[in-house]
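Colleague: Per the numbering used here, the sequence shown starts with residue 7, numbered consecutively.
One structure coming up, written as structure tokens, with questions to follow.
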Amino acid sequence: MPFDQHVDQLLISNVPKTSTIFPEINRYDEDKQRLIRYIDSNIIGKNAPIDTPFGTRKIIYADYTASGRAIKFIEHYMLNNVLPYYGNTHSENSACALQTTKFREGARLLIKKYVNGTDDDVIIFTGSGSTAAINKLVDVLHLRDKDIQDKTVVFISTFEHHSNILPWKETGIEMIRIPNTKQGLLDQHFLKKKLKHYYDTVKKHIICSLNAASNVTGILTDVDTVSTLVHQYDGWVFWDYAAAAPYVKIDMNPSETAYKDAVFISTHKFVGGPSTPGILIAKKKLFTNRVPSDCGGGTVNFVTRTNVEYVKDIETREEGGTPNILGAIRAGLAFHLKEAVGEKIIEKREEELVKKFFQRFRNHEKLLVLGSSTVPRLAIFSFLIYVPAFDKYLHHNFVCILLNDLFGIQVRSGCACAGPYALELLNIDDQKGQIYMKFITEDENGRFDGLSRNMLMKPGFTRFNLSYFASDEEVDYILKALEFIANKGWKFLPLYTYDPATAVWHPRHMLSESHISHFHSLQMITYENGTMEENSPTQQNQITQSKFPQLIRASSSRNPLDQAIAIAHNISKYLYANIDCRNDPPLNIPQEYQDFIWFILPKQVILKMLHAFEQNQHNNLMSVPFRPKE
7 MPFDQHVDQL LISNVPKTST IFPEINRYDE DKQRLIRYID SNIIGKNAPI
57 DTPFGTRKII YADYTASGRA IKFIEHYMLN NVLPYYGNTH SENSACALQT
107 TKFREGARLL IKKYVNGTDD DVIIFTGSGS TAAINKLVDV LHLRDKDIQD
157 KTVVFISTFE HHSNILPWKE TGIEMIRIPN TKQGLLDQHF LKKKLKHYYD
207 TVKKHIICSL NAASNVTGIL TDVDTVSTLV HQYDGWVFWD YAAAAPYVKI
257 DMNPSETAYK DAVFISTHKF VGGPSTPGIL IAKKKLFTNR VPSDCGGGTV
307 NFVTRTNVEY VKDIETREEG GTPNILGAIR AGLAFHLKEA VGEKIIEKRE
357 EELVKKFFQR FRNHEKLLVL GSSTVPRLAI FSFLIYVPAF DKYLHHNFVC
407 ILLNDLFGIQ VRSGCACAGP YALELLNIDD QKGQIYMKFI TEDENGRFDG
457 LSRNMLMKPG FTRFNLSYFA SDEEVDYILK ALEFIANKGW KFLPLYTYDP
507 ATAVWHPRHM LSESHISHFH SLQMITYENG TMEENSPTQQ NQITQSKFPQ
557 LIRASSSRNP LDQAIAIAHN ISKYLYANID CRNDPPLNIP QEYQDFIWFI
607 LPKQVILKML HAFEQNQHNN LMSVPFRPKE
């Protein structure tokens with residue numbers, strides 16, 4: 007049975023019918039509805055319990071932009087059909103090697119089919135995500151060769167992830183950054199002007215390596231229009247689909263002019279995609295290198311003591327060594343699942359999720375969304391929480407841990423490995439950026455005199471996404487939690503403290519090490535009894551025993567949102583008797599740079615809340631029960 011027909015059997019099953027999808031999606035056939043529910047119900051770890059300082063919470067995963075989650079039916083297929091016959095590839099003379107090779111090459115053929123690849127395109131599995139794919143292509147093109155450098159220019163966009171900046175930058179080649187329009191889209195007018203200049207006047211060969219969708223804002227680029235424009239000037243256009251690939255159609259050859267010269271994919275971001283390799287899809291014409299970029303086992307036809315002949319097949323010669331065989335097979339399964347759902351349904355669902363989010367937060371005073379709300383984008387959102395009473399923001403790492411501890415929601419904080427774009431979105435110019443660098447650099451000579459490294463000062467944001475297979479109930483839960491954090495999150499600052507060296511926040515009542523002591527560890531595995539066993543960590547129940555008891559008792563509800571509301575109401579009373587912030591680590595920011603502190607400190611909230619509490623106590627003083635006669 008062909009590989010694609012074989013895995014189609016994975017998608018036939020009875021699934022729960024309790025979760026709902028937006029009404030617009032309900033217009034599609036019931037089979038698609040069943041499949042979407044099937045995916046959601048088969049996420050490994052869905053609703054798994056985690057212990058937090060506020061009690062046990064169920065995991066709600068909203069971090070698919072960073073990495074996808076494993077799926078039971080795909081892992082069952084791997085366990086039952088792939089692993090029993092697993093063997094190394096590079097041979098077809100044994101049953102295991104032959105079956106494994108057929109699985110892996112079947113995955114390659116599936117992916118090529120789904121991206122509309124032709125005989126002119128190759129599919130190469132390579133290393134860690136788009137990063138490895140881009141580095142592979144940089145090596146193939148010999149861009150570190152001085153003669154080639156002098157004849158080539160690379161255009162990148164404002165949106166780029168570090169993986170689509172640094173590999174080009176470190177070659178030393180000339181780079182041009184294409185700005186955005188006021189609407190936040192790639193400025194095609196500026197791009198055309200630069201293309202014409204470098205083609206007609208400078209006469210350099212042009213490479214455009216651009217982002218199909220931002221991993222920070224989800225903003226989409228019109229890939230076909232831009233590809234056509236670049237080809238008018240004999241340029242090569244490469245597209246980084248790391249953030250976009252799980253959600254949009256990838257078409258290598260939509261027309262004679264809009265074809266893509268190369269595409270980079272991080273398959274681990276697909277649902278079902280963990281442990282999959284990066285994928286480079288590229289035109290054969292790019293591979294003029296005599297020696298493979300990663301020469302070694304499997305790349306040669308013959309080797310003698312003095313001579314070597316590399317194989318001519320590009321996919322074989324550019325995948326040196328024993329590859330991530332299981333990951334490549336799993337990548338084929340993840341692509342097959344996406345195709346089964348259908349890009350049109352996924353894109354429609356993404357549009358609805360974006361609309362739903364902005365209906366609630368477009369003009370929110372405290373939750374400030376980065377990027378335009380009026381241009382095409384995926385359901386990827388980055389934001390700041392602004393607190394007017396302090397005229398500062400909540401630290402993004404604090405927001406991240408608070409969503410975890412109060413609601414079980416998994417998000418990500420930082421700059422999303424897109425530093426230049428982050429600085430632009432946050433409106434931090436180069437001068438301010440250099441000052442922030444002096445707080446966080448690892449180079450002691452580059453820091454302010456006598457100051458320790460202070461990672462808290464690094465600007466950033468909190469990012470999450472709404473997945474197309476999430477039920478309406480889950481989406482609403484996430485949005486309600488975000489709104490609560492936006493309005494009341496600052497009140498929880500007194501319950502936490504921080505480490506300036508790492509920017510990690512943790513509950514005040516336990517050491518930072520204790521906060522993670524309840525997690526599983528490979529060091530706890532033992533074979534002492536002749537079988538594999540995991541010993542419970544000595545502090546397994548420490549978090550459960552170290553909750554904020556007075557606060558928890560404030561609500562009898564089991565709903566995390568109800569509990570959070572009750573806790574926020576009672577924090578002032580709790581901290582008056584229990585919180586001492588005098589030992590919080592100092593920031594040690596020089597006086598002339600105090601204005602660069604952009605986040606609220608716990609002690610600032612404590613002082614404000616204590617003052618309000620004491621004022622309330624004073625206002626509620628009972629009058630003296632008696633007075634002497636005059």
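A virtual CB, placed ideally from N, CA and C, is assigned to each residue, including glycine.
(1) List in chain order: all unbroken beta strand (DSSP E) runs of 3+ residues lying wholly within the stretch 296-378.
(2) Short of 8 Å in beta carbon distance, which residues of its chain neighbour residue 198, apart from the five on each side in sequence? Order them along the chain.
(3) Taking only the alpha-carbon atoms, compute the straight-line gap between residue 546 and residue 525 and give it to the nearest angstrom.
(4) What are the boundary residues of the alpha helix (DSSP H) that residue 139 is part of?
(5) Per the DSSP calculation, residue 471 is bridged to which residue(s)?
(6) By the three-class DSSP mapping on this structure, what secondary structure does residue 511 have?
(7) I'd like the ranges of any beta strand (DSSP E) spanning at least 3 consecutive residues and lying wholly in the stretch 394-420.
(8) Which full runs of the beta strand (DSSP E) of 3+ residues lie inside the stretch 147-212, going along the chain?
(9) How many Å lie between residue 451 and residue 440 at the Cα?
(10) Return helix, strand or coil for residue 606, following the three-state DSSP convention.
(11) On a Cα-Cα basis, can you pick out the residue from 501, 507 and 604 that is closest to residue 513?
(12) Give me the Cα-Cα distance between residue 79 and residue 93, rounded to the nearest whole angstrom.
(13) With which residues is residue 246 paired in a DSSP beta bridge?
(14) Note down the Cα distance separating residue 342 from residue 319, rounded to an integer number of angstroms.
(15) Shorter than 8 Å from the beta carbon of residue 349 to some beta carbon of chain B?
(16) Report the rounded CA-to-CA distance for residue 344 versus residue 178, giving the unit in angstroms.
(17) Pull up the distance between the alpha-carbon of residue 219 and that of residue 99, whole angstroms please.
(18) Specify whether the stretch 243-262 and the stretch 103-110 touch according to this definition: at least 3 beta carbon pairs, one from each stretch, less than 8 Å apart.
(19) Quick one: what's residue 452 bridged to in DSSP?
(20) Would you be able to state if there are at least three C-beta pairs under 8 Å between the stretch 123-142 and the stretch 164-180?
(21) Starting from residue 288, follow its DSSP beta bridges and name the residues at the other end.
(22) Assess, as a yes-or-no matter, whether the stretch 326-335 is touched by the stretch 282-297 under the definition of 3 or more beta carbon pairs within less than 8 Å.
(23) If I'm right that residue 416 touches residue 68 with Cβ under 8 Å, what's the distance once you round it to whole angstroms?
(24) Does residue 123 pass the burial test, meaning 16 or more other C-beta atoms within 10 Å, or should it be called exposed?
(25) Relative to the C-alpha of residue 591, which candidate in 570, 278, 459 and 340 has its C-alpha closest?
(26) Below 8 Å CB to CB, which residues in the same chain sit around residue 407 once its five sequence neighbours on both sides are set aside?
(27) Within 10 angstroms of its Cβ, does residue 339 collect 16 or more other Cβ (buried), or is it exposed?
(28) Please list, in chain order, all residues of the same chain as residue 541 whose beta carbon is under 7 Å from its beta carbon, the five residues on each side excluded.
(29) By the DSSP assignment, the alpha helix (DSSP H) with residue 434 in it spans what residues?
(30) Mind checking which residues open and close the beta strand (DSSP E) that includes residue 536?
(31) Would a C-beta distance cut-off of 8 Å place residue 212 and residue 201 closer than the cut-off?
(32) What are the boundary residues of the alpha helix (DSSP H) that includes residue 63?
(33) With DSSP as the reference, identify every bridge partner of residue 226, one or two as the case may be.
(34) Going by alpha carbons, who is nearest to residue 376 out of 337, 409, 430 and 359?
(35) What residue range does the alpha helix (DSSP H) around residue 566 cover?
(36) Does DSSP put residue 478 in a helix, a strand or coil?
Modeller: From the atom records:
(1) Taking 3 residues as the minimum length, the beta strand (DSSP E) runs contained wholly in the stretch 296-378 are 306-309, 314-316 and 373-375, in order along the chain.
(2) Start at 1 with the first residue of the sequence shown, and residue 198 comes out as number 192. Shown here for residue 198: same chain residues with a beta carbon closer than 8 Å to its own, the five before and five after excluded, namely 235 in chain order.
(3) The count along the sequence shown starts at 1 and reaches residue 546 at position 540. The count along the sequence shown starts at 1 and reaches residue 525 at position 519. Summary for residue 546: the model assigns pLDDT 46, below 50, so the residue's position carries little reliability; its value from the coordinates is reported in the next sentence. Near 8 Å, if we compare the C-alpha coordinates of residue 525 and residue 546.
(4) Position 133 of the sequence shown, counting from 1, holds the residue named residue 139. Run containing residue 139: 135-146, per the alpha helix (DSSP H) assignment.
(5) Walking along the sequence shown from the start, residue 471 turns up at place 465. Residue 471 pairs with 386.
(6) Residue 511 sits at position 505 when you count from the first residue of the sequence shown. Of the three classes helix, strand and coil, the one that applies to residue 511 here is strand, per DSSP.
(7) 418-420
(8) For the stretch 147-212, whole beta strand (DSSP E) runs of length 3 or above, ordered along the chain, are 158-163 and 180-184.
(9) If you number the sequence shown from 1, residue 451 lands on position 445. If you number the sequence shown from 1, residue 440 lands on position 434. Answer to the nearest angstrom: the Cα atoms are 14 Å apart.
(10) Within the sequence shown, residue 606 is the residue found at index 600, counting from 1. Residue 606: coil per DSSP, three-state reduction.
(11) The residue you call residue 513 lines up with position 507 of the sequence shown. The candidate whose alpha carbon is nearest that of residue 513 is 501.
(12) Taking the sequence shown and counting its residues from 1, the one referred to as residue 79 is at position 73. Taking the sequence shown and counting its residues from 1, the one referred to as residue 93 is at position 87. So the two alpha carbons sit approximately 22 Å from each other.
(13) Residue 246 sits at position 240 when you count from the first residue of the sequence shown. Looking at the DSSP assignment, residue 246 forms a beta bridge with 217 and 270.
(14) Along the sequence shown, one-based indexing puts residue 342 at 336. Along the sequence shown, one-based indexing puts residue 319 at 313. So the two alpha carbons sit approximately 25 Å from each other.
(15) Structure shown: chain B not included; a single protein chain is present.
(16) Taking the sequence shown and counting its residues from 1, the one referred to as residue 344 is at position 338. Taking the sequence shown and counting its residues from 1, the one referred to as residue 178 is at position 172. As the crow flies, the alpha-carbon of residue 344 is around 38 Å from that of residue 178.
(17) As a position in the sequence shown, residue 219 is number 213, starting the count at 1. As a position in the sequence shown, residue 99 is number 93, starting the count at 1. C-alpha separation (whole angstroms): 44 Å.
(18) no
(19) As a first step, residue 452 is located in the sequence shown; it is residue number 446 there, counting from the start. In DSSP, residue 452 forms no bridge with anything.
(20) yes
(21) As a first step, residue 288 is located in the sequence shown; it is residue number 282 there, counting from the start. Residue 288 pairs with 128 and 268.
(22) With the cut-off at 8 Å, the stretch 282-297 and the stretch 326-335 touch.
(23) On the sequence shown, position 410 is the one that residue 416 refers to. On the sequence shown, position 62 is the one that residue 68 refers to. The pair is a contact, with the Cβ atoms about 6 Å apart (cut-off 8 Å).
(24) Start at 1 with the first residue of the sequence shown, and residue 123 comes out as number 117. Result: buried.
(25) What you label residue 591 is simply residue 585 of the sequence shown in a count that begins at 1. Comparing Cα-Cα distances from residue 591 to each of 570, 278, 459 and 340, the minimum goes to 459.
(26) What you label residue 407 is simply residue 401 of the sequence shown in a count that begins at 1. Excluding residues within five positions, the ones whose Cβ falls inside 8 Å are 502, 511 and 512.
(27) Walking along the sequence shown from the start, residue 339 turns up at place 333. When all chains shown are included, residue 339 counts as buried.
(28) Position 535 of the sequence shown holds residue 541. So the qualifying residues of the chain are 530 and 532.
(29) Indexing the sequence shown from 1 puts residue 434 at position 428. No alpha helix (DSSP H) contains residue 434, which DSSP labels as neither H nor E.
(30) Your numbering for residue 536 matches position 530 in the sequence shown. No beta strand (DSSP E) contains residue 536, which DSSP labels as neither H nor E.
(31) As a first step, residue 212 must be located in the sequence shown, where it is residue number 206. As a first step, residue 201 must be located in the sequence shown, where it is residue number 195. Cβ distance < 8 Å, so residue 212 and residue 201 count as in contact.
(32) Counting from one through the sequence shown, the residue named residue 63 turns up at place 57. Counting along the chain, residue 63 falls outside any alpha helix (DSSP H), though it belongs to the beta strand (DSSP E) covering 61-64.
(33) Counting from 1 along the sequence shown, the entry for residue 226 is found at position 220. Answer by DSSP bridge pairing, in chain order: 219.
(34) Indexing the sequence shown from 1 puts residue 376 at position 370. Here the closest residue by C-alpha is 430.
(35) As a first step, residue 566 must be located in the sequence shown, where it is residue number 560. Run containing residue 566: 566-584, per the alpha helix (DSSP H) assignment.
(36) Counted from its first residue, the sequence shown places residue 478 at position 472. Note: residue 478 maps to helix in three-state DSSP.
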